[in-house]
C-alpha cells in the first residue's frame with residue numbers, strides 16, 4: 003500500500019511538473035537585430051511597469067511605480083463602512099472589508115490600508131471612484147437577489163449565505179424589478195467630495211504625496227451584467243458623459259493635481275460601442291452589431307471618439323481638464339490565452355503571437371475579433387484626432403500563464419512593447435506571486451541584478467528581421483548612459499544565434515549579460531560577458547528566454563543631433579504666440595519625436611498646433627502628429643502655440659528631442 007502510494011505520488015508530481023518542462027532545444031540561425039541609439043528616442047514612462055494589488059514585498063523589490071485598486075468589487079465600495087458589493091462575481095453580496103477596528107471607520111478602511119502600503123514602498127496609488135451612482139448602504143451582509151424576497155434561483159451562496167441568489171430564475175431568465183435599496187444607497191458627487199476630503203486630510207494632496215490617480219469606475223460598459231441588481235440597463239453615451247463630468251469634476255475640485263483615468267472600458271469592443279449598445283446587440287444580434295442604436299443616435303460616431311470629444315468640450319467650456327488618461331482594458335480574446343494556464347504547445351505559441359495585437363497593423367487577431375487591432379497606436383490616433391494631450395493607459399491586461407515560463411516570456415514582450423510604443427501607464431491584472439516566472443519578467447526590467455539595476459528609461463530604435471521569433475527592445479539609461487537591450491526568444495524549441503548590429507557605439511569592449519530561462523526558473527542568471535566589436539556582437543539566445551544585455555556608456559557623449567529655435571512672434575497683455583523650429587542635424591532620420599522643455603516663469607500653453615501639446619507644471623511636451631512624425635537629416639518641422647504668462651516671459655533654457663539635449 004505504501005509503495006503504491008509512493009508510486010502514485012511520483013506520478014502526480016511528474017504530471018504537475020510537465021508544464022514546466024522545456025522542449026529539447028535545437029540550434030538555428032536567428033533573425034538579424036539592429037539597434038540605433040540615436041534614432042526614435044523617447045522617454046519610457048516608468049508607470050508602464052505597474053500592477054493591480056501587488057503585495058508589499060514584491061512592490062518594494064520592484065520599486066513598483068504604480069499600483070491599482072480596481073476590479074468589479076471597487077465599483078460599489080463605501081469607505082465609510084469599508085464595505086464592497088461583489089456584483090455578479092459573488093451573488094451580488096455586500097461584504098465587509100478588512101478594517102481592523104470598525105468603530106474607527108473610515109480610518110483604517112481597505113483603501114486607507116492600500117494607500118499606506120503604497121506610501122511605504124514609494125508607489126503611486128490608483129483608487130477607483132464610482133460613476134454607477136450607488137454604494138453599499140451599511141456594514142452588513144445583504145444581497146441584491148434574496149431568494150426569500152424574489153423567489154427560487156438557479157444558484158445560491160450555499161456556503162455562506164444561502165438566501166443570496168445569483169439573480170437567475172430556474173427557467174434561465176434574469177430576476178428583474180428588484181430594489182437597489184436592498185443593498186445600496188445613492189452615491190453622487192457629494193460622496194466623492196467627502197471621500198477625497200478624508201483621503202487628502204490623511205495623506206495630503208496628490209502633489210504632496212497623496213493619492214495620485216483616480217479611475218473613473220471600472221468597466222462601466224459591463225454594469226448591466228456585473229452590477230445588474232442596481233444598473234440593469236447598459237450605460238449609454240449620454241450617461242457616461244454626464245457621470246464623468248459630475249464625478250471627475252468633483253475629483254478635480256477636491257484635489258486639482260490628481261489625475262483621472264477613463265472611461266475604463268472592458269476591451270477592444272469598448273472603443274466602438276457603449277454598454278447600452280452591447281446589451282442591445284447581445285440580445286438582438288444580426289445587423290445590430292454593424293449599426294448599434296445608441297451609436298446611431300449619436301451621429302454614428304464610435305463611442306471612444308465621441309467620449310474624448312465630450313471631454314475636450316468640457317475643458318473648452320470650463321477651463322478644467324477632467325480626463326487626464328484615456329484608459330481601456332485589454333484581455334487577449336484568443337482561446338486559452340488570457341488569465342489561464344500555459345496550455346499546450348499550440349496555445350503557448352498563440353500566446354506569444356497574440357502580443358502583436360498591441361502594435362502590429364499587419365496582425366489579424368486570431369479570435370472572434372478577426373481584424374487588426376493595433377491597440378496602442380489605435381488609442382493614440384483616437385487621442386490625436388479627438389482630444390490631444392490626453393495620455394494613454396491600460397489599467398487591466400493579462401496574457402496568462404504567469405506561473406509558467408511561457409507567460410514570463412509573453413509578459414517580457416508586452417513590457418517591451420509598452421515602452422517602445424509610448425504607452426503612459428499600465429497595471430497588470432492580477433499580480434504574479436513573488437516566485438512565479440511572471441514576476442521575473444518584471445525583475446528583468448526593474449531589478450535584473452538584484453541591486454536595483456533597471457532597463458533604460460529612454461527608448462531607442464531597435465528592430466528584428468523577425469520580431470515574432472526574436473523580439474528586441476532597446477533603451478538608454480539616463481543615470482549612467484548605459485545602453486540596455488532586451489532580447490526575447492519566443493521560439494519554444496530553437497536556440498537562435500543572431501547578429502546584433504549597433505550603430506554609433508564605440509569604446510566598450512564587453513556587454514554584461516543577464517538571462518531568465520528554462521535552466522533556472524528561480525533566478526536571473528548573470529552570464530559571461532559578450533565581446534563587442536565595432537558594429538555590435540553575435541550571440542545565441544536560448545529557446546523561451548529573456549536576455550538583457552547591458553552595454554556601458556562610451557567615454558564621451560554623442561554629439562547633439564538636433565537644434566531647436568524658439569521665437570515669440572507676438573505678445574499682448576498676458577498672452578503670446580510662440581513658434582518652435584525643430585531641426586534634425588544628425589545623419590539618421592527621426593521617426594517619431596517628442597520635444598521637451600520647461601518654462602522658466604509662470605507660463606502656460608493654452609492652445610497649440612502641429613503637435614500634441616501637454617503641460618504638467620512647468621514641464622511641456624509636444625509630440626508629433628502622424629503626418630509630421632518623420633524628420634529627415636537636414637530637414638525641420640515648425641510647430642507653435644498660444645500661451646499665457648504671469649508677467650515675465652523668458653524663453654526656455656533648454657530643449658530635448660526624444661530625451662536627447664538639443665543645441666539652440
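In the numbering used here, the protein residues as written are 3 to 666.
All residues carry an ideal CB built from backbone N, CA and C; glycine is no exception.
With a minimum length of 3 residues, the unbroken runs of beta strand (DSSP E) contained wholly in the segment 316-393 fall at 327-330. The segment 488-496 and the segment 525-537 do not touch, with fewer than 3 CB-CB distances between them shorter than 8 angstroms. In the displayed model, residue 538 falls within a strand according to three-state DSSP. Take residue 49, set aside five residues on each side of it, and the residues of its chain with a beta-carbon closer than 6 angstroms to its own are 67, 68, 427, in chain order. Scanning 274, 569, 82 for the CA closest to the CA of residue 296 turns up 274. Looking at 613, 643, 617, 637, the one whose alpha-carbon comes closest to that of residue 629 is 613. For residue 98, the enclosing beta strand (DSSP E) has its first and last residue at 96-98. For the pair residue 546 and residue 317, the Cα-to-Cα distance works out to about 48 angstroms. If you draw a straight line from the Cα of residue 646 to the Cα of residue 308, it is about 29 angstroms long.
Membership of residue 617 in the beta strand (DSSP E) is indicated by the continuous run 614-618.
For the pair residue 571 and residue 581, the Cα-to-Cα distance works out to about 7 angstroms. In this structure, DSSP gives residue 178 a state outside helix and strand, which the three-state scheme calls coil.
In the structure shown, the three-state DSSP call for residue 574 is strand.
Taking a C-beta distance under 9 angstroms as the contact criterion, residue 260 and residue 213 qualify as a contact pair. Under the Cβ criterion (8 angstroms, minimum of three pairs), the segment 495-502 counts as touching the segment 28-41. Looking at the DSSP output, residue 420 shares a beta bridge with no other residue.
Under the DSSP definition of a beta bridge, residue 568 partners with 582. Distance between residue 663 and residue 548, taken at the CA atoms: about 32 angstroms.
Nearest Cα to residue 393 within the set 310, 592, 245, 326: 326. Runs of the alpha helix (DSSP H) spanning 4 or more residues and lying entirely within the segment 409-465 occur at 439-448, in chain order. Counting along the chain, no alpha helix (DSSP H) covers residue 290, and no H or E run does either. In this structure, DSSP gives residue 114 a helical state, which the three-state scheme calls helix. In the displayed model, residue 606 falls within a strand according to three-state DSSP.
By alpha-carbon distance to residue 84, the top candidate from 92, 63, 133, 141 is 141.
Distance from the CA atom of residue 648 to the CA atom of residue 606, rounded to whole angstroms, is 9 angstroms.
Within the segment 484-551, there are no complete alpha helix (DSSP H) runs of at least 4 residues. Secondary structure note for residue 62: its alpha helix (DSSP H) is the uninterrupted segment 58-64. Beyond the five residues adjoining it in sequence on each side, residue 81 comes within less than 7 angstroms, by CB distance, of 108, 111, 113, 197, 200 in the same chain, given in chain order. Under the 10 Å beta carbon count, residue 623 is surrounded by 16 or more other beta carbons and is classified as buried. Burial of residue 406 is indicated by the presence of at least 16 other C-beta atoms within 10 angstroms of its C-beta.
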